[in-house]
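Written out below as structure tokens is the structure these notes cover.
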């Protein structure tokens, strides 16, 4: 059964304090791993997609990496505006596009 | 270009009432999805439509029905609402697979917040 587990559930950082969010997954035939950002009261906003182990993507202070068992979202020198819930999802071998989501990590960055 | 639009944004129902959540996308996407989001549970797939004219059950379909009205619109219906259906509902659409860098990405609407009393 496809499964995604994110850790930690919640993370509090001081502005400028770098850290990483973890996404562990089990899936048959990974078609893609997706990171989304969700602000309170809004829908998930796409950040990155990774397709194969060893792949990395960067956007501003965020960097996503992928291995065969997990993905990390590294946040370098975060700012208060980076506060949000970060969601990880995987798409398995089916071509229907169905995503399996983790529970999310809620990040709070204090000034 | 509005992306994915959901209506209504908020709704309160009494147990046993029915309602339809509307979703429309203007990105010419083939596939559309309905999810529900509950605290500590993440997003769970209710129903999806891989292409116009087809619909399939997801992880938690009980108590729901869907209609893919045309390529743009995908509605979710609660025939007899129950308190367990209190949740935030998200609609998403997907860029056709195989189209370069954008393949398989799902884009989400702002959600419908539903309370069933």
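Protein chains in written order, with our numbering: chain A, -12 to 98; chain B, 26 to 142. Idealized CB from N, CA, C, for every residue including glycine.
Compute the beta-carbon to beta-carbon distance between residue i and residue j, rounded to the nearest angstrom, for a pair I have assumed lies under 8 angstroms.
i             : j             : result
residue 30/A  : residue 135/B : 5 angstroms
residue 116/B : residue 31/B  : 5 angstroms
residue 17/A  : residue 96/A  : 30 angstroms between Cβ atoms; not a contact.
residue 37/A  : residue 23/A  : Incorrect: roughly 13 angstroms between the Cβ atoms, too far for contact.
For residue i, name the three-state secondary structure that DSSP assigns.
i             : result
residue 110/B : helix
residue 69/A  : helix
residue 105/B : coil
residue 120/B : coil
residue 42/A  : coil
residue 44/B  : strand
residue 57/B  : strand
residue 51/B  : coil
The ligand ADP and residue i: does the residue's C-beta get closer than 7 angstroms to at least one heavy atom of that ligand?
i            : result
residue 65/B : By its list of ligands, the structure shown contains no ligand whatsoever, and the ligand ADP lies outside what it can speak to.
Find the residues of chain B that neighbour residue i, judging by a C-beta separation of less than 7 angstroms, and give them in chain order.
i            : result
residue 72/A : Here the premise fails: no neighbours, minimum Cβ distance about 10 angstroms.
residue 88/A : 67, 68
In chain A, which residues lie with their C-beta within 7 angstroms of the C-beta of residue i?
i             : result
residue 133/B : 30, 31
residue 119/B : 84
Which bits of chain B does residue i rub up against, with CB to CB less than 8 angstroms?
i            : result
residue 85/A : 58, 70, 73, 83
residue 91/A : 67
residue 18/A : 129
Name the chain A residues whose beta carbon is nearer than 8 angstroms to that of residue i?
i            : result
residue 61/B : Neighbours of residue 61/B on chain A: none; closest Cβ ~11 angstroms, over 8 angstroms.
Could you tell me which residues DSSP pairs with residue i in its beta bridges?
i            : result
residue 70/B : 60/B
residue 36/A : 21/A
With a threshold of 8 angstroms, are at least 3 pairs of Cβ atoms found where one atom belongs to the segment 45 to 65 of chain A and the other to the segment 2 to 17 of chain A?
Yes: the two stretches touch, three or more of their Cβ pairs being nearer than 8 angstroms.
Is there contact here, the segment 96 to 105 of chain B with the segment 27 to 45 of chain B, by at least three beta-carbon pairs under 8 angstroms?
Counting C-beta pairs with one atom in each stretch, the segment 96 to 105 of chain B and the segment 27 to 45 of chain B have three or more that are closer than 8 angstroms, which means they touch.
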